[in-house]
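Below is one structure, written out as structure tokens; comments come after it.
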Amino acid sequence: MTESKYFAYHPPSRSGRFGSSLLTVALLTTIGAAIPVGYNIGVINSPANFIQDWCNETIYSTYGTRLTSSGMNILWSAIVSIFVIGGAIGSLGGSWLSDILGRKGCFLLSGALLVIGAVLFQFCRLAESVEMLMIGRIIVGLGSGLVTASLPIYHTELAPLALRGTVGVFCSIGVTAGVVVGQILSLKYTFGTEDSWHHALSAYAILIVICYLPCKWFPESPKYLYLIKGNHSLAESVLMKLRGTDPETVELELKEMENDRKEKSMSRSLRSVLTDYSLLLPIVIVCTFQGGQQLSGINAVFYYSVTIFQEAGLQKDDAEWANLGAGSLNLLTAFFTPLIMAKINRRPVMLTSTFASAIALFALTFIIHYINAASWLPMACIVCVLLYILFYQIGIGPIPYFIGSEIVNTESRPAVMALGSLASWSCNFAVAMLFPTLQAAWGAFVFLPFFIDCVVLFLITKFYLPETRGRDSSEIAPLISKVLPISYKTGAMKLSTTRTARICQAVI
Ligand SMILES: *[C@@H]1O[C@H](CO)[C@@H](O)[C@H](O)[C@H]1NC(C)=O
Numbered sequence: 127m128t129e130s131k132y133f134a135y136h137p138p139s140r141s142g143r144f145g146s147s148l149l150t151v152a153l154l155t156t157i158g159a160a161i162p163v164g165y166n167i168g169v170i171n172s173p174a175n176f177i178q179d180w181c182n183e184t185i186y187s188t189y190g191t192r193l194t195s196s197g198m199n200i201l202w203s204a205i206v207s208i209f210v211i212g213g214a215i216g217s218l219g220g221s222w223l224s225d226i227l228g229r230k231g232c233f234l235l236s237g238a239l240l241v242i243g244a245v246l247f248q249f250c251r252l253a254e255s256v257e258m259l260m261i262g263r264i265i266v267g268l269g270s271g272l273v274t275a276s277l278p279i280y281h282t283e284l285a286p287l288a289l290r291g292t293v294g295v296f297c298s299i300g301v302t303a304g305v306v307v308g309q310i311l312s313l314k315y316t317f318g319t320e321d322s323w324h325h326a327l328s329a330y331a332i333l334i335v336i337c338y339l340p341c342k343w344f345p346e347s348p349k350y351l352y353l354i355k356g357n358h359s360l361a362e363s364v365l366m367k368l369r370g371t372d373p374e375t376v377e378l379e380l381k382e383m384e385n386d387r388k389e390k391s392m393s394r395s396l397r398s399v400l401t402d403y404s405l406l407l408p409i410v411i412v413c414t415f416q417g418g419q420q421l422s423g424i425n426a427v428f429y430y431s432v433t434i435f436q437e438a439g440l441q442k443d444d445a446e447w448a449n450l451g452a453g454s455l456n457l458l459t460a461f462f463t464p465l466i467m468a469k470i471n472r473r474p475v476m477l478t479s480t481f482a483s484a485i486a487l488f489a490l491t492f493i494i495h496y497i498n499a500a501s502w503l504p505m506a507c508i509v510c511v512l513l514y515i516l517f518y519q520i521g522i523g524p525i526p527y528f529i530g531s532e533i534v535n536t537e538s539r540p541a542v543m544a545l546g547s548l549a550s551w552s553c554n555f556a557v558a559m560l561f562p563t564l565q566a567a568w569g570a571f572v573f574l575p576f577f578i579d580c581v582v583l584f585l586i587t588k589f590y591l592p593e594t595r596g597r598d599s600s601e602i603a604p605l606i607s608k609v610l611p612i613s614y615k616t617g618a619m620k621l622s623t624t625r626t627a628r629i630c631q632a633v634i
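Number 634 marks the last residue of the sequence shown (the working numbering); no jumps.
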């Protein structure tokens, strides 16, 4: 769910120390905005049955009709996945809005949207309105998309160069942690009961209120003030405050911003990127990695894992604990990924990750299919899900977010990243929308498409991805056009890609 163009792993250097105000702002914005995003992903899982029963009764009393069980599946996947539609819109509009409203303005707007969503969740029962629940989900999705697109920009622009990598992962770790918080507050020991699930859905608003109280003192991004607002003196005074009174560092950073301005003015349009044949393979890699990350089924696990475990024969209680275990393992591994990314090459990590995930998913399919054959099989099912999460987190999880910045040069990067983001959100939506229906129709075999996806990612990595760690994207660019098997002087190919590009442009 996390997603950012600025998600690059610079190993943190010792020379960078956290200014106290930077640390405070980064922590408060992470707790106040990133955690609620993850919260809304994790919270919808455990109370699903209670909310479905309520929908059933509410629709009966409002419209006088009863939903069939497949009708309920569709309604439920709509409630879950409408969040993703909001997320897609919010994240695609995020980079545009963060130029108009400012990074801090975007942060404030997303907080407001998240609070409105919480109010709708809190009162949908009182108002007996399924529509309110739906509208709340889409508004929360909009806010979440905005957070994932703009908060990493805000963070990296506030941080000095040496800390950019460290602060850059705050948002994605916050989202992962938020999933766990959502899972905890929707256990049956907290708010996950028939009477109080609406409190579970809206409890995150407290975090927002607390963390937004001091927002008057949060600085606007100096880079935004300098480059977009053109307010050089204000940018300088904000930088002074953030960096302490070291005029040399401030001078250096302002110079760096000047350079960025030149780079930015050279960035290429979507049209020119789509019609450039030498970029075809990088685009394919970025889009299949970002889309494939979603199609590997991670969100099926986080949106529906309690149901998955229950279908596998676990009691509701055990299923909830297994779900919480999955979220915690995910969070734990997320802390180690920056280390793995800094120390180990991309290709072996990605090959191991896709290969092991494929095996775990394949095993999961057959274990669930034959779940009644032996008493230890439900346990094996949990182990498979946990192994899948572990191997997902070391490669399929983090690599797609920044592979674009490693294989595409600066001018083409924004356009290619936007395409990748589009692929990611569409596949996320497809999984959230189709999973319950396919699960009802196919049973355990619903996991086979995820398995196939991991195999495809494995093959693409094996045959097309050059090693990128520690290399500059300008070294990679010639390498990656060479690995393409078909000569790209072939006229026919060129013609057909131009046509595809035109169709893409028409659609966009
Ligand atoms: C809706 O509620 C009725 C009455 O309690 C029940 O018979 C029916 O199975 C429920 N439908 C679904 C889809 O849960």
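Think of the CB as a built atom: it goes at the ideal place given N, C-alpha and C, for glycine as much as any other residue. Predicted, not measured: the structure shown is a model, and the values here were computed from it.
Just mark residue i as buried or exposed, buried being the case when its beta carbon has 16 or more other beta carbons within 10 Å.
{"i": "GLN565", "result": "buried"}
{"i": "SER547", "result": "buried"}
{"i": "SER393", "result": "exposed"}
{"i": "ASN471", "result": "exposed"}
{"i": "PRO373", "result": "exposed"}
{"i": "TYR186", "result": "exposed"}
{"i": "ALA244", "result": "buried"}
{"i": "GLU389", "result": "exposed"}
{"i": "LEU465", "result": "exposed"}
{"i": "THR480", "result": "buried"}
{"i": "ILE226", "result": "exposed"}
Quick check: the Cα distance between residue i and residue j, rounded to an integer number of angstroms?
{"i": "ALA541", "j": "PHE233", "result": "24 Å"}
{"i": "ILE612", "j": "PRO604", "result": "Note that ILE612 has pLDDT 46, beneath the 50 cutoff, so the model's placement of it is unreliable and no number is given."}
{"i": "PHE266", "j": "ALA499", "result": "According to the sequence provided, residue 266 is Val. The question's Phe does not apply to it. One C-alpha to the other measures close to 43 Å."}
{"i": "ALA506", "j": "TRP447", "result": "15 Å"}
{"i": "SER224", "j": "GLY231", "result": "7 Å"}
{"i": "ALA253", "j": "VAL273", "result": "29 Å"}
{"i": "GLY271", "j": "SER501", "result": "43 Å"}
{"i": "LEU360", "j": "PRO348", "result": "8 Å"}
{"i": "LEU149", "j": "ALA275", "result": "20 Å"}
{"i": "VAL609", "j": "TYR590", "result": "Any answer about VAL609 is weak, because its pLDDT of 49 lies below 50 and its placement is not dependable; what the coordinates show is given next. Cα-Cα distance, rounded: 6 Å."}
{"i": "GLY219", "j": "PHE428", "result": "25 Å"}
{"i": "MET258", "j": "LEU365", "result": "43 Å"}
{"i": "THR184", "j": "VAL256", "result": "7 Å"}
{"i": "GLU309", "j": "LEU450", "result": "Here residue 309 turns out to be Gln, not Glu, going by the sequence shown. Approximately 6 Å, taken between the alpha carbons."}
{"i": "VAL241", "j": "TYR496", "result": "45 Å"}
{"i": "ALA558", "j": "GLY197", "result": "16 Å"}
{"i": "PHE528", "j": "ALA486", "result": "25 Å"}
{"i": "ARG595", "j": "ALA570", "result": "38 Å"}
{"i": "SER454", "j": "GLY190", "result": "42 Å"}
{"i": "THR459", "j": "LEU235", "result": "31 Å"}
{"i": "ARG369", "j": "PRO345", "result": "12 Å"}
{"i": "LEU545", "j": "THR414", "result": "10 Å"}
{"i": "VAL582", "j": "SER322", "result": "43 Å"}
{"i": "ILE602", "j": "SER217", "result": "28 Å"}
Tell me which residue opens and which closes the alpha helix (DSSP H) that residue i is part of.
{"i": "MET467", "result": "442 to 469"}
{"i": "ALA541", "result": "539 to 568"}
{"i": "GLY267", "result": "256 to 284"}
{"i": "MET366", "result": "358 to 369"}
{"i": "LEU159", "result": "According to the sequence shown, residue 159 is Ala rather than Leu. Note, ALA159: premise wrong, no alpha helix (DSSP H); not H, not E."}
{"i": "GLU183", "result": "174 to 189"}
{"i": "LYS390", "result": "373 to 391"}
{"i": "THR587", "result": "574 to 590"}
{"i": "ASP321", "result": "Taken as a continuous stretch (DSSP letters only), ASP321 belongs to no alpha helix (DSSP H), as it is neither H nor E."}
{"i": "TRP431", "result": "It is worth fixing the name first, because residue 431 is Ser in this sequence and not Trp. SER431 -> alpha helix (DSSP H) spans 424 to 437."}
{"i": "TYR315", "result": "Note, TYR315: premise wrong, no alpha helix (DSSP H); not H, not E."}
{"i": "GLN248", "result": "228 to 249"}
{"i": "SER483", "result": "472 to 495"}
{"i": "PHE415", "result": "406 to 421"}
{"i": "TYR330", "result": "Segment: none, TYR330 is in no alpha helix (DSSP H) and carries neither H nor E."}
So residue i packs on residue j, CB below 8 Å; how close in whole Å?
{"i": "PRO408", "j": "LEU154", "result": "Their Cβ separation, rounded to whole angstroms, is 37 Å, which puts PRO408 and LEU154 out of contact at 8 Å."}
{"i": "THR282", "j": "ARG290", "result": "5 Å"}
{"i": "PRO592", "j": "ILE606", "result": "6 Å"}
{"i": "ILE157", "j": "LEU277", "result": "Not confirmed; about 12 Å, so no contact."}
{"i": "ILE411", "j": "ILE586", "result": "7 Å"}
With respect to 6 Å, is the separation between the Cβ of residue i and the closest non-hydrogen atom of ligand 1 below this value?
{"i": "ASN175", "result": "no"}
{"i": "ASN199", "result": "no"}
{"i": "SER701", "result": "This structure leaves residue 701 out entirely; the chain is present only between 127 and 634."}
{"i": "ASN554", "result": "no"}
{"i": "ASN171", "result": "no"}
{"i": "ILE357", "result": "Note on residue identity: the sequence assigns Asn, not Ile, to residue 357. Not under cutoff, so the answer is no."}
{"i": "ASN182", "result": "yes"}
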